[in-house]
Amino acid sequence: MYNSMKSRGGFDSFSLKIKSTGKLAALLFVNTMERWKNIKEGIYSRGYRGYMPYISKEFHFSMPRFMFVMMYDLILITLAFYFK
20 MYNSMKSRGG FDSFSLKIKS TGKLAALLFV NTMERWKNIK EGIYSRGYRG YMPYISKEFH
80 FSMPRFMFVM MYDLILITLA FYFK
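Note that my numbering has the sequence shown beginning at 20, numbered continuously upward.
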């Protein structure tokens, strides 16, 4: 949208920049609301009732697992810098 407005001269002067930015923000907002309407209709048609009962799984923090992930990340970062 920005490129099409710019190619039509929408950002040439300061006042046109203000107007075009406002129009762009309004278009993005309207498109977002229309997209949300379509998404909402889709999830309601699939039986969504406002909650997801399978999300209530408990999480247990494991320090050994955390340290393993940190070491793995450190190795990957080191290799990325080494082979750069």
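Heads up, the beta-carbon is just placed ideally off N, CA and C, and yes, glycines get one too.
Residue i vs residue j beta-carbon contact at 8 Å
i, j, result
"E39", "F30", "Per the sequence shown, residue 39 should be read as Ser rather than Glu. Cβ distance < 8 Å, so S39 and F30 count as in contact."
Expected contact under 8 Å - CB spacing of residue i and residue j to nearest Å
i, j, result
"Y21", "L35", "That belief does not hold up - the Cβ atoms of Y21 and L35 are roughly 13 Å apart, past 8 Å."
Contact set for residue i: own chain, Cβ-Cβ below 6 Å, skip 5 residues either direction
i, result
"D92", "none"
Other residues of its chain near residue i: CB distance less than 8 Å, five sequence neighbours each side excluded
i, result
"L46", "M20"
Every unbroken alpha helix (DSSP H) within the stretch 25–82, with a cutoff of 4 residues, ordered by chain: 33–64
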